[in-house]
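Residue numbers (the UniProt record's numbering): 1 to 202.
Presented below is the structure to which this report refers.
Take a look at the structure:
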């Protein structure tokens with residue numbers, strides 16, 4: 001890579017990105033280069049899914065029928081879309097189409113589209129979906145030397161707290177036991193009174 005190319009990309013020599021673009025199913029299977037006709041898809045509306053922007057953008061072309069759920073269109077094209085609730089409420093799958101945001105999990109291919117009067121073909125719909133990233137290298141150690149010793153220190157503080165407050169805990173325990181015994185005594189007394197009243201009525 002020349003110096004000019006490095007300046008354009010802004011990447012240093014030997015740079016290894018921590019995150020890389022996640023390959024789509026179409027890219028993995030090699031069907032991304034096939035036309036909708038070669039894929040055997042049936043539809044009058046040409047649709048292009050665009051993932052990412054600029055030179056790194058991935059374009060997947062397919063076709064669909066008006067009113068067809070966009071979720072199924074993306075699935076048949078091999079376009080990965082991250083979904084959340086699946087009800088159109090969370091906005092995880094928000095995509096941009098012709099300047100308007102839509103949610104593929106619930107939205108469908110527009111039914112008010114009109115074909116070109118001369119060619120009889122529909123205009124291509126470009127749906128910009130969110131790019132997904134996959135982590136390729138570790139972000140760091142699971143723990144440091146400091147956190148290792150702090151774990152022992154926290155446990156030591158907890159043990160010290162138990163020793164310091166053991167008398168208070170014992171006192172609270174004894175109070176709770178005495179209260180429970182008082183409740184049992186009063187309950188038994190009420191039962192005896194009710195039994196005596198029932199015997200007097202007979």
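For glycine and all other residues, C-beta sits at the position ideal for the given N, C-alpha and C.
Cβ neighbours of residue 67 within its own chain (closer than 8 Å, five residues either side excluded): 108, 109 and 111. The alpha-carbon separation between residue 62 and residue 94 amounts to approximately 19 Å.
Distance from the CA of residue 106 to the CA of residue 117, rounded to the nearest whole angstrom, comes to 30 Å. Annotated three-state conformation of residue 106 is coil, per DSSP. When the Cα atoms are used, residue 102 and residue 76 turn out to be separated by approximately 19 Å. With contacts defined by Cβ atoms closer than 8 Å, residue 47 and residue 125 form a contacting pair.
Residue 72: member of the alpha helix (DSSP H) spanning 70 to 77, first to last residue.
Residues 49, 81 and 104 of the same chain have their beta carbon placed closer than 7 Å to that of residue 74, with the five preceding and five following residues left out of the count. Annotation: residue 81 is outside any beta strand (DSSP E) and is labelled neither H nor E by DSSP.
For residue 114, no alpha helix (DSSP H) encloses it, and the DSSP letter there is neither H nor E.
If you look at residue 144, you'll find it isn't in any beta strand (DSSP E); DSSP assigns it neither H nor E. According to the DSSP assignment, residue 196 belongs to no beta strand (DSSP E) but to the alpha helix (DSSP H) extending over 166 to 201.
By the CB criterion at 8 Å, residue 45 and residue 23 fall outside the cutoff. The closest CA to that of residue 92, considering only 83, 98, 196 and 100, is found on 83. Relative to residue 54, the option among 71, 131 and 181 whose CA is nearest is 131.
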